[in-house]
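First residue of the sequence shown: 5, per our numbering; consecutive thereafter.
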Amino acid sequence: MILILLGPPGVGKGTQAKIIVERRGIPQLSTGDMLRAEKESGSALGRKVQAIMDRGDLVSDKIIEEIVTARIEQPDCARGFILDGAVRTVPQARMIDRALARKGRKVDVVIQLEVDEDELVNRLNRRIRESRAKGAPVRADDNEETFRKRQKVYRDQTAPLIPYYEGQGKLRKVNGMGTIEEVAQAIDDVLNEIRG
Ligand code: AMP
5 MILILLGPPG VGKGTQAKII VERRGIPQLS TGDMLRAEKE SGSALGRKVQ
55 AIMDRGDLVS DKIIEEIVTA RIEQPDCARG FILDGAVRTV PQARMIDRAL
105 ARKGRKVDVV IQLEVDEDEL VNRLNRRIRE SRAKGAPVRA DDNEETFRKR
155 QKVYRDQTAP LIPYYEGQGK LRKVNGMGTI EEVAQAIDDV LNEIRG
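Encoded structure:
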């Protein structure tokens, strides 16, 4: 099963992706995690994307094409995978559709997690407080100002994916306001339904 998790930054896509990994045994492909690993390793790519990511903008579709097309060729993706925050613009969605079509594959379902922006900012501030209390590092783009910028980038550049996938009949909306387990259950119900 090839599944896309769509929703604004901080909605819980990463948390839910990890639960799906556990339950369904398919890998999570998070371009955010891949790019952060590049930043941390100090690679040429990491240096190129650092400032863009830190200010909350999107890296180029070309970079995403390179890292996603290489990753989905890996053997662990043969049974399917979860694209977590990995499709952020309509050109990226078209590129992934084309890359999959070349292999005779397709996206099965797009789950849109819905939550309101004020609740996301509350969650962010709670997460920052908890990380600081534990002495854990806080991401460079996890501060209220950059977070609000990332929400705007989502509304402007990523939300057009909603009609794109609606047009393909693949979009399923899930309320992201419940507990982690409630949201996980709602996603599970959708996945069971599409598997039939
Ligand atoms: P995330 O962890 O998914 O919120 O991603 C963190 C940052 O990585 C984003 O704010 C972007 O700068 C960059 N990024 C991750 N995925 C993409 C993507 N598919 N397209 C463009 N930029 C991305």
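Don't be surprised by glycine CBs; every beta carbon is placed ideally from N, CA and C.
Remember, predicted model here, so these are calculated numbers, not experimental data.
Coarse secondary structure for residue i, derived from DSSP in three states
{"i": "ASP65", "result": "helix"}
{"i": "GLU118", "result": "strand"}
{"i": "GLN78", "result": "coil"}
{"i": "ILE30", "result": "coil"}
{"i": "ARG59", "result": "coil"}
{"i": "VAL91", "result": "coil"}
{"i": "LYS177", "result": "strand"}
{"i": "VAL187", "result": "helix"}
{"i": "VAL53", "result": "helix"}
{"i": "VAL111", "result": "coil"}
Check whether residue i and residue j have beta carbons under 9 Å apart
{"i": "LEU33", "j": "GLN161", "result": "no"}
{"i": "ALA190", "j": "ASN179", "result": "yes"}
{"i": "PRO95", "j": "ASP65", "result": "yes"}
{"i": "ILE6", "j": "GLY84", "result": "yes"}
{"i": "VAL114", "j": "GLY16", "result": "no"}
{"i": "ILE71", "j": "THR35", "result": "yes"}
{"i": "VAL194", "j": "ARG152", "result": "no"}
{"i": "PRO13", "j": "TYR158", "result": "yes"}
{"i": "ALA4", "j": "ASP58", "result": "Residue numbering for the chain in the displayed model covers 5 to 200; residue 4 lies beyond these limits and cannot be assessed."}
{"i": "LEU117", "j": "LEU10", "result": "yes"}
{"i": "GLY69", "j": "ALA48", "result": "It should be pointed out that residue 69 corresponds to Glu in this sequence rather than to Gly. No; because the gap between Cβ atoms is not below 9 Å, this pair is not in contact."}
{"i": "ASP112", "j": "ILE198", "result": "yes"}
CB-CB length for residue i against residue j, believed under 8 Å
{"i": "ILE8", "j": "LEU87", "result": "5 Å"}
{"i": "VAL91", "j": "ALA82", "result": "Between ALA82 and VAL91 the Cβ distance is about 20 Å, and since that is not below 8 Å, they are no contact."}
{"i": "ILE132", "j": "ASP146", "result": "6 Å"}
{"i": "GLY60", "j": "ARG130", "result": "Rounded, the Cβ-Cβ distance is 19 Å, inconsistent with contact."}
In chain order, each alpha helix (DSSP H) run of at least 4 residues that lies wholly inside the stretch 120-163: You should have 121-138, 148-157.
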